[in-house]
Amino acid sequence: MTKILAYIRRVFSRQTRPVPSAEYWPASALPGDPNELVKLGIVREWRIDHLGEPWFSAEAGVLSWYEKNLAGGSRDDA
2 MTKILAYIRR VFSRQTRPVP SAEYWPASAL PGDPNELVKL GIVREWRIDH
52 LGEPWFSAEA GVLSWYEKNL AGGSRDDA
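Numbered by this note's numbering, the letters in the sequence shown go through residues 2 to 79 in order.
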């Protein structure tokens with residue numbers, strides 16, 4: 002009986018993995034063509050606001066990394 006309770010305690014005491022925070026950007030604030038950024042997997046379509054402008058979501062820091070390293074035709078040699 003104690004082994005069963007220990008197992009249940011171990012299973013239910015585990016913490017969930019932290020969820021990466023997301024940033025939300027309107028299409029007008031994105032560097033370059035939003036459709037191309039979606040194809041590259043940098044941003045995801047999120048919603049369209051009441052004015053009709055599409056908004057996109059990205060993991061925190063991805064757009065700043067993209068602008069610094071890959072925007073403007075530079076290559077990723079990492």
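Each residue gets a CB set at the ideal place from its N, CA and C atoms; glycine is no exception. Since this is a predicted model, take the numbers as computed values, not measurements.
message = Within 8 angstroms, do at least three Cβ pairs link the segment 5 to 13 to the segment 25 to 42?
response = No: fewer than three Cβ pairs fall under 8 angstroms.
task = Tell me whether Ser29 sits in a helix, a strand or coil according to DSSP, three-state version.
result = Helix, per DSSP.
Span separating the alpha-carbon of Val63 from that of Thr3 = CA-CA distance, Val63 to Thr3, rounds to 48 angstroms.
Beta-carbon contacts of Glu24 that lie in its chain and below 6 angstroms, excluding the five residues immediately before and after = Once the five neighbours on either side are set aside, the close Cβ partners of Glu24 are Ala59 and Ala61.
ask   = Which two residues bound the contiguous beta strand (DSSP E) that contains Ala59?
value = Segment Pro55 to Glu60, the beta strand (DSSP E) holding Ala59.
Buried or exposed by the 16-neighbour rule on C-beta atoms within 10 Å, applied to Leu38 = Classification of Leu38: buried, given that the 10 Å Cβ count is 16 or more.
request  = Use the C-beta contact count for Arg12: other C-beta atoms within 10 angstroms, 16 or more gives buried, fewer gives exposed.
outcome  = Checking the sequence shown, residue 12 turns out to be Val, not Arg. Exposed is the label assigned to Val12, since fewer than 16 other Cβ atoms lie within 10 Å of its Cβ.
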